[in-house]
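Asker: Be aware that the sequence shown starts at 210, since it is given in the working numbering, and climbs by one per residue. Backbone N, C-alpha and C fix where the C-beta goes; we use that ideal spot for every residue, glycine too. On a predicted model such as this, the values are computed, not experimentally measured, just so you know. The structure under discussion is supplied below as structure tokens; questions concerning it will follow.
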Amino acid sequence: MALTEDRAARFATIALGHVTREYPHALTHVLDGPGDVQTPRSLHPIFYGSFDWHSCVHATWMLARLLHLYPAMPPAAGIRALFDAQITANAVAAECAYLLRPAARGFERPYGWAWFLKLAEAMRQFPDQPWSGTLAPLTAVFVGRFIDFLPKATYPVRVGTHTNTAFALALAHDHADDDLRALFRRTAERWYGADAGCQAWEPAGDEFLSPALIEAECMRRLLPADRFLPWFDRFLPDIAQRRPAALFVPASVSDRSDGKIAHLDGLNLSRAWCWRSLAQALPADDARRPVMLQAAAVHLEAGLPHVAGDYMGEHWLASFAVLALDA
């Protein structure tokens, strides 16, 4: 399964249909007074669509990534027009102003922070466009948030939802400079370096990330290969025997109109992403590689048919499909 131009165009068309769709909207917003009761678009003039702020950010990342890969695909003109209209200096200033409110200190921590830096990294691929430079003040805010927060984060968060810290480090690593990557590496080693014999008590009923696999993917990205491979051998020592068994069985989704249950389609896609990426980190003759790639294929087959259909999944699942197919 590959990220073909036809598939990219389909995903882009889905995203263009919801990145400026303001309602329904799940607003994460602390009210300090009656004057703070505002619409999503008033609060977030760039990222007001896609049901919630972080989904709008990663849908925008997906559009940028697909535009870079397939600049001549049919939706490309619509993507460029969207970026020109949405990414303006005034809109960025408003998004920054929102984040400077004391009540917004923890806004979208760490999931939205990481996705925004992933978007900032993608925008660098268009040096002939103003988008990256225009977003730079907002990028600086989120870099600063990581720098301030990580030394105070005594413990990792291992759940398979938005607060997962391994996912945040893995994703934001792509944007980071050397100093920030060093901070990420020290933090990951502090949080996860001694982990071994993972039992993978998953999935939970609303997870879209595998706590086990995303931790491994985080360490793959942050550690040099000669340190990652021994850690991986200790962390998941029985992959060749397809254990822990839970990691090899796609999640079953009973109701795709339920936003929490629909998260499990994302779990299947994000597991596929992790299995593919982790397999590529192993030597070519490693017996675990075909086992892992087969697991990736099974999870992709379970998740890909459901990226559209009900808005509870449609507003975000294509982004995770792109992560998996582009791994």
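(1) Which same chain residues, not among the five before or five after M501, have their C-beta less than 7 Å away from its C-beta?
(2) I need the straight-line Cα distance from A391 to A530, nearest angstrom please.
(3) Just to confirm, is the Cβ distance from W400 to P365 under 8 Å?
(4) Starting from the C-beta of W525, find all residues in its chain whose C-beta is less than 8 Å away, skip the five residues before and the five after it, and write them out in chain order.
(5) Tell me where the alpha helix (DSSP H) around L487 begins and ends.
(6) Please state the DSSP three-state secondary structure of Q295.
(7) In this structure, how does DSSP classify C427 when only helix, strand and coil are distinguished?
(8) Using alpha carbons as the reference points, say which of F335, L478, Y257 lies closest to A506.
(9) Residue ranges of each alpha helix (DSSP H) run of no fewer than 4 residues wholly in the stretch 375-409, ordered along the chain?
(10) Measuring only the C-alpha atoms, how far is G342 from T370?
(11) Relative to the alpha-carbon of Y320, which residue among L513, F376, T237 has its alpha-carbon at the smallest distance?
(12) Is the Cβ-Cβ distance between D519 and K469 less than 8 Å?
(13) To which residues of the same chain is K327 closer than 8 Å at the C-beta, ignoring the five residues directly before and after it?
(14) Quick check on A496: buried or exposed, where buried means 16 or more other Cβ atoms within 10 Å of its Cβ?
(15) When every heavy atom of the ligand ATP is checked, does at least one fall within less than 7 Å of the C-beta of W484?
(16) If you follow the alpha helix (DSSP H) that Y320 is part of, which residue opens it and which one closes it?
(17) If you draw a straight line from the C-alpha of R289 to the C-alpha of A224, how long is it?
(18) Taking the alpha-carbon positions, what's the P339 to L456 distance?
(19) Can you tell me whether W525 is helix, strand or coil according to DSSP?
(20) Can you tell me whether P492 is helix, strand or coil according to DSSP?
Answerer: In terms of the structure at hand:
(1) Cβ-Cβ distances below 7 Å link M501 to I448, W484, L487, A488 in the same chain, with the five nearest sequence neighbours on each side left out; the list follows chain order.
(2) 29 Å
(3) yes
(4) S259, F260, S264, H267, A268, G475
(5) 472-489
(6) helix
(7) Helix at C427.
(8) L478
(9) 387-401
(10) 31 Å
(11) F376
(12) no
(13) H267, W270, L380, A381, D383, H384
(14) exposed
(15) Absence of the ligand ATP from the depicted structure is noted, as is the absence of any ligand whatsoever, leaving it without description.
(16) 320-332
(17) Here the alpha carbons of A224 and R289 stand approximately 13 Å from one another.
(18) 42 Å
(19) coil
(20) coil
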